[in-house]
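Have a look at the structure below, then the notes.
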Amino acid sequence: MTSFEDVISKAKSVAEVAGKKTSDFIEVTRLKIEAAELEKEMSSVLEGLGRLVYDARKAGEDVSPMVDDCVTRLNEYQLKIDALRKKIDAYRYTVRCKDCGAPNPDDAAFCKKCGAKVDL
Numbered sequence: 003m004t005s006f007e008d009v010i011s012k013a014k015s016v017a018e019v020a021g022k023k024t025s026d027f028i029e030v031t032r033l034k035i036e037a038a039e040l041e042k043e044m045s046s047v048l049e050g051l052g053r054l055v056y057d058a059r060k061a062g063e064d065v066s067p068m069v070d071d072c073v074t075r076l077n078e079y080q081l082k083i084d085a086l087r088k089k090i091d092a093y094r095y096t097v098r099c100k101d102c103g104a105p106n107p108d109d110a111a112f113c114k115k116c117g118a119k120v121d122l
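Residues 3 to 122, numbered by the working numbering, are exactly what the sequence shown covers, in order.
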């Protein structure tokens, strides 16, 4: 009977691990979609900023306050995207290089892309 109970116990633990992995995968996918949507919005703001600057230069107008507003919005988008990437990296057990932004294993001492020291 003991070996049968061991088999049942191991099957339960395997099912729990599989459930956790599935849950993590779904969460990472959700975070990736959210980041992609923010990147799309950011791209739209960048396009609008370019159009604004071009039209203003063409007309000889000063649009510095509007440019500042766009830059502020872009910075906010970037902060949100960076926060989402940190959450994704936490699920994947990775850290990002502060110099080049490349993902590295959480136990890496140096970046695999640029060779910079990785702060853990």
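Think of the CB as a built atom: it goes at the ideal place given N, C-alpha and C, for glycine as much as any other residue.
Our contact map puts D91 next to P107 with C-beta atoms below 8 Å; I'd like the distance itself, whole angstroms only. Not quite, the Cβ-Cβ distance comes to about 11 Å (not below 8 Å), so this is no contact.
DSSP puts K23 in a beta bridge; with which residues? According to DSSP, which records beta bridges pairwise, K23 is partnered with nothing at all.
Just how far apart, CA to CA, sit A118 and V97? Going from the Cα of A118 to the Cα of V97 covers about 13 Å.
Excluding the 5 residues preceding and the 5 following E43 in the sequence, name in chain order all residues of the same chain whose CB lies nearer than 7 Å to its CB. Apart from the 5 residues on each side of it in sequence, E43 sits with its Cβ closer than 7 Å to the Cβ of Y79 in its chain, given in chain order.
Quick check on K82: does DSSP put it in helix, strand or coil? Secondary structure of K82 (DSSP, three-state): helix.
Hey, which unbroken runs of the beta strand (DSSP E) at 3 residues or more fall wholly within the stretch 22 to 101? Runs found: 96 to 98.
Do you know offhand how far C113's Cα is from S11's? Spanning the two alpha carbons is a distance of roughly 41 Å.
Can you pull the DSSP bridge partners for F150? Missing from the structure shown is residue 150; the chain here goes from 3 to 122 and no further.
Cβ-Cβ distance between V55 and V65 below 9 Å: Contact flag set, yes.
Residues in its own chain within less than 7 Å of I28 by CB, not counting five upstream and five downstream? The beta carbon of I28 sits closer than 7 Å to none of the beta carbons in its chain outside the five residues before and after it.
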